[in-house]
Amino acid sequence: MKNKDKEIDAKLILDYQSGDSYAFVALVNRWHVWFCKLANWYVKDTAIAKDIAQDSWTVIYHKLTELKDPYKFKSWAISIVNRKAIDFLRDQQRTDKRIEEYQLAISKNNEENEEADDEVKVILLKEIKNLSIDHQQVLQLFYVQNYLLKEIAEVLGISVGTTKSRLFHAREQLKKVVIKYRKNGRI
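Take any residue in the sequence shown, count from 1 to its spot, add 3: that is its number in the numbering used here.
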């Protein structure tokens, strides 16, 4: 049976090499499913295996005229499918490694940013405590409790203009502190 398969393949290859393009179609019909299964054994993904088989057929198509012993088609073609599958896996490993390195860098950067953010929070909280009670109240109501300026004015029993003024001055004092710490390289 194996010899008969080899003879069929050899005849199809010789016919193709003689100019019969339908012989190549018949060869594809005989082997494509098997090549897909072989590639799938490597990559464990049917869609990718089909792509690998298709890429293998492209190589086979371009090099089939150079095949000297048509009886060795099966082993020759299988080696092409194997190489294509292994190449895919190597590329996938390189891609996975790059993704992992990128995610590690992002994670490290996020940790550094979180540490810097934590330091900024500590500094700002310390400096907010140094502000007057009036300024602290306005900041608390505006930023923490999300009150509108009009609501803050009502709660504190002051005008909206005074509320705006206190909020502005509190921000300016905190801005000076941030600038000072940035110049010193702490933020």
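Cβ atoms here follow ideal geometry from the backbone N, Cα and C, with glycine treated the same way.
* Asked: Going straight from the alpha carbon of Val-31 to that of Leu-92, what length do you get?
  -> 24 Å
* To do: Using three-state DSSP, classify Leu-70 as helix, strand or coil.
  => coil
* Start and end of the alpha helix (DSSP H) containing Leu-41? -> For Leu-41, the enclosing alpha helix (DSSP H) begins and ends at 24–46.
* Asked: What residue does the alpha helix (DSSP H) around Val-147 start on, and which one ends it?
  -> Boundaries for Val-147: no alpha helix (DSSP H) harbours it, and the DSSP string shows neither H nor E there.
* Run through DSSP, which three-state label would Ser-135 get? -> coil
* What first and last residue would you give for the alpha helix (DSSP H) that runs through Ile-16? -> 5–20
* From Tyr-146, Arg-169, Phe-171, Glu-130, pick the residue whose C-alpha is nearest to that of Val-180; which is it? -> Glu-130
* Just checking my contact of Ile-102 with Leu-67 at CB under 8 Å: how many whole Å lie between their CB atoms? -> Not a contact, Cβ separation roughly 37 Å.
* **Three-state secondary structure (DSSP) of Gly-164** => helix
* From the DSSP output, in three-state form, read off Asn-187 for me. => coil
* Asked: So, is Tyr-19 buried or exposed, given that buried needs 16 or more other C-beta atoms within 10 angstroms?
  -> buried
* To do: Report the residue from Lys-77, Asn-43, Lys-40 whose alpha carbon sits nearest the alpha carbon of Asn-6.
  => Lys-77
* Let me know if Phe-171 comes out buried or exposed under the rule of 16 or more other beta-carbons within 10 Å of its beta-carbon. => exposed
* **Euclidean distance between Cα positions of Ser-168 and Lys-153** => Straight-line Cα distance between these residues: approximately 13 Å.
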